[in-house]
Amino acid sequence: MKPIVSCKGITKIFGKGDLAVHALRGIDLEIMEGDFATLAGPSGSGKTTLLNTVGALDHPTAGEVIVDGQNLNGLNKSELSDLRLNKIGFIFQAYNLVPVLSARENVEFVLRLLRVEPSERRRRADEALAEVGLQGMEARRPSALSGGQQQRVAIARALVARPGIVLADEPTANLDSTTTKELVDLMYRLNQESGITFLIGTHDPRVMEHSKRHIEMTDGQIESDTRG
Amino acid sequence: METLKLLAPLAWRNLWRNPRRTIITLFVVSVGLWSILAVASFISAWAQSSRDATLRLLIAQGQIHAEGYMDDPNISNLMPPPNEALIAALNSPDISNWAVRLELPGVVQSEYKTLPISLTGVDPEAERRISSIPSKIVEGRYLNGVEDDSAVIGLNLAKRLKTALGRRIILMVTAEDGWLEERSFDVVGIYDADTAFEDTYIFTGRSPMQEMVGVGDKIAEIAFEVPEDAALAGVIERLRAAAPGLDVREWRKISLIMGAMDATMGGVVFIWMAVMMVMISIGVINTQLMAVFERTHEFGLLRALGFKSRHVLWLVTLESILLIGLGVLLGMLAGAATVWGLSDGIDLSAFGQALEAFKAGDTLYLEVNASDYIIFPLAIWALGVLVALWPAYRAQKISPVEAMRQAT
């Protein structure tokens, strides 16, 4: 297996002088294709900053990030947008969907940006929604879906363009235990069946139970990186 | 095109996320435009009415004089009656009516008072076609013919002279020989126009006046009327060609106040548009800034999904285009409906005396001016979208990670 993400000596500092906060302190990390990795650690440990950096949403202060063979250093905003569109799927903690679009339209949105033909777009969006168990709910707006269903739509959207990696930041934070289990089972199944790489930032033990690789962070550094 | 297909439905739906705010903005834009269109129609109607009323009194749409008469309207600046070439030009189809007058400054005297006036010798038949004075007689009668040696005076002048119908007044005018000629006239009619006009003009038959001042068949002016004001410039040129050496002027150069009013009416509408534009701009900027601030996280999400910053700029701008466009459409409909609803005219007779200074008629007839419905809506739309570029620019500058951080 080859690495889908390589981080080399990533440092991220917010602020300057006495007010400087070192969010990441020289992170070296490789996420391999097909990984189902969890990134854990207490609040302020740097999980979200690392996910944002890997997801081309934020620039590291030093070091380099390579996603699917492409070094993010030197890419302009537009190129970073293209990279996110083509290679990365995102699932966030909350407010994950565009409220004025239906479930199908939210999933189709990424395909529209990729200029996929309308009939193909619709077929793939419906397939993705069916894959996450939302068949029959395609026309519903986010406000007519439960929190768990909304996260399923977000998963379908993250997967529909077949990205190299899906980055999820606390995807179960606002969900009850039953919904959390269903969602984690779903992501795990998609990882097993389709080989999609997941890197999930979480401190939820129910998510960690399923991980094939567990990365623990403290104070902007990787404390442990275990497979099991 | 593909980007527009992606953004347009999203922009339209975004407009209705906060219906109350959208409706308030639509209200501001549409009422603003409606008021501009209504004010434009009203001022246009008022200007038209005021112009028509004033021109119909005596000025008509143009006049011909001897050179120098307009600067010094005395007996030495008279001109001969129109020759054949000029009569032919005056009888052309693009001139609807014309009348020959002898008008000289003079003095009127009653038993109680002596006042300066302008004595005007007219051909009553021609005047009935070109002037509204014959129809404004409130007591007695108008002049019977060009030989009628009676006098028709204004209502206010009658009051000031303490004279009345059937009484005699003395009129004094400088004659051809330079001596002051005086003659008594029977007051056979009293007309009701505006006060300043009533105080100035006394009418009598042209022949007795010519005979009184000893000028033979000389005249002071030829007033003419054209069916369409737009054709006036061409008519003036043709008359100048037919009457070389004479001073042919359009009404704007005769009544400078009327000309200035005509020129400034459009300016009033533009001032009103500027005021409305400031209000609309404040409304649009406020709405779009609120909409951008409320959706900061969403813009971050869209950027994370692969939206480019220019897509955000286009999205917010498109929302402004749709919002202001819809407001403009409603404003146009409301403006047209208002004009249509008042197509029977606005009756101002109750304000007759108060509005006398504006010289408008008793009824204003509003009309839809096609150019108003192109220029003003386009201006509002373009300027509205222009000011909304600022919120759109701010939305474009939102960093995705900052936006996501704000909401989590």
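Here the protein sequences come in this chain order: U and V. Position in the first sequence (first residue = 1) + 1344 = our numbering. Position in the second sequence (first residue = 1) + 614 = our numbering. Ideal placement from N, C-alpha and C gives every residue a C-beta, glycine not left out. The structure displayed is predicted, hence computed values, not measured ones.
{"Asked": "8 Å Cβ cutoff, Gly1564(U) in contact with chain V", "Found": "no"}
{"Asked": "Own chain partners of Leu940(V) with C-beta closer than 7 Å, once the 5 adjacent residues on each side are dropped", "Found": "Leu640"}
{"Asked": "Closest residue to Leu692(V) among Ser746(V), Thr910(V), Glu753(V) and Asp831(V) (Cα-Cα distance)", "Found": "Asp831(V)"}
{"Asked": "For Ser664(V), the nearest candidate out of Pro1005(V), Lys1011(V), Thr977(V) and Val999(V) (CA to CA)", "Found": "Thr977(V)"}
{"Asked": "Chain V residues whose Cβ lies nearer than 8 Å to that of Leu1489(U)", "Found": "Correct list: empty, because the minimum Cβ distance to chain V is about 16 Å."}
{"Asked": "Runs of alpha helix (DSSP H) lying entirely within the stretch 1454-1478 of chain U, each at least 4 residues, in chain order", "Found": "1462-1475"}
{"Asked": "Pair within 8 Å by beta-carbon distance, Leu1543(U) and Leu1383(U)", "Found": "yes"}
{"Asked": "Runs of beta strand (DSSP E) lying entirely within the stretch 717-752 of chain V, each at least 3 residues, in chain order", "Found": "728-736"}
{"Asked": "Cβ of Val643(V) within 8 Å of any chain U Cβ", "Found": "no"}
{"Asked": "Whole-angstrom distance between Gly859(V) and Ala661(V), CA atom to CA atom", "Found": "33 Å"}
{"Asked": "Whole-angstrom C-beta distance between Leu1445(U) and Phe1436(U), which should lie under 8 Å", "Found": "Rounded, the Cβ-Cβ distance is 16 Å, inconsistent with contact."}
{"Asked": "Pairwise C-alpha distance: Ser1422(U) and Ala1400(U)", "Found": "11 Å"}
{"Asked": "Cβ neighbour criterion (16 or more within 10 Å) applied to Val642(V)", "Found": "buried"}
{"Asked": "Nearest candidate by alpha-carbon position, reference Arg743(V), set Ile709(V), Lys867(V) and Pro623(V)", "Found": "Ile709(V)"}
{"Asked": "As assigned by DSSP and simplified to three states, the class of Thr1022(V)", "Found": "Since pLDDT at Thr1022(V) reaches only 45, below the 50 mark, its modelled position is unreliable, and no value is offered."}
{"Asked": "Beta-carbon proximity list for Lys727(V), same chain, < 8 Å, skipping 5 on both sides", "Found": "Arg774, Leu775 and Lys776"}
{"Asked": "Close beta carbons around Phe811(V), own chain, < 8 Å, minus the five adjacent residues each side", "Found": "Leu671, Leu672 and Gly768"}
{"Asked": "Contact belief for Met1018(V) with His911(V) at Cβ below 8 Å, rounded distance in angstroms", "Found": "7 Å"}
{"Asked": "Meets three-Cβ-pair contact criterion under 8 Å: the stretch 643-652 of chain V and the stretch 855-869 of chain V", "Found": "no"}
{"Asked": "Residue range of the unbroken beta strand (DSSP E) whose run includes Asp861(V)", "Found": "Leu860 to Glu864"}
{"Asked": "Supposed close pair Leu1511(U), Ala1472(U) - CB separation, criterion 8 Å", "Found": "That pair is no contact at about 17 Å."}
{"Asked": "Which of helix, strand or coil DSSP assigns to Gln1495(U)", "Found": "helix"}
{"Asked": "Counterpart residues of Gln1565(U) in DSSP-defined beta bridges", "Found": "Thr1562(U)"}
{"Asked": "Helix, strand or coil at Thr910(V) according to DSSP, with G and I counted as helix", "Found": "helix"}
{"Asked": "8 Å Cβ cutoff, Phe921(V) in contact with chain U", "Found": "yes"}
{"Asked": "Contiguous beta strand (DSSP E) assignments of at least 3 residues, all confined to the stretch 852-900 of chain V", "Found": "860-864"}
{"Asked": "Where Gln1414(U) falls: helix, strand or coil (DSSP)", "Found": "strand"}
{"Asked": "Within chain U, partners of Ala1006(V) - CB distance below 8 Å", "Found": "By Cβ distance, chain U contributes nothing, its closest Cβ being about 17 Å from Ala1006(V), past 8 Å."}
{"Asked": "Given 8 Å, three or more beta-carbon pairs between the stretch 826-846 of chain V and the stretch 681-696 of chain V", "Found": "yes"}
{"Asked": "Range covered by the alpha helix (DSSP H) that runs through Asp986(V)", "Found": "Asp986 to Lys1011"}
{"Asked": "C-beta atoms of Gln723(V) and Ile783(V) nearer than 8 Å", "Found": "yes"}
{"Asked": "Per-residue contacts from Arg1456(U) into chain V (C-beta, under 7 Å)", "Found": "Leu620"}
{"Asked": "Gly581(V) versus Leu962(V): straight-line alpha-carbon distance, rounded", "Found": "Nothing about residue 581(V) can be read from this structure; chain V reaches only from 615 to 1022."}
{"Asked": "Ile871(V) versus Ala877(V) - alpha carbon distance", "Found": "10 Å"}
{"Asked": "Beta carbon proximity, Arg631(V) to chain U, threshold 8 Å", "Found": "yes"}
{"Asked": "Glu1429(U): contacting residues in chain V (beta-carbon distance under 8 Å)", "Found": "According to the sequence shown, residue 1429(U) is Leu rather than Glu. In chain order: Leu919 and Gly920."}
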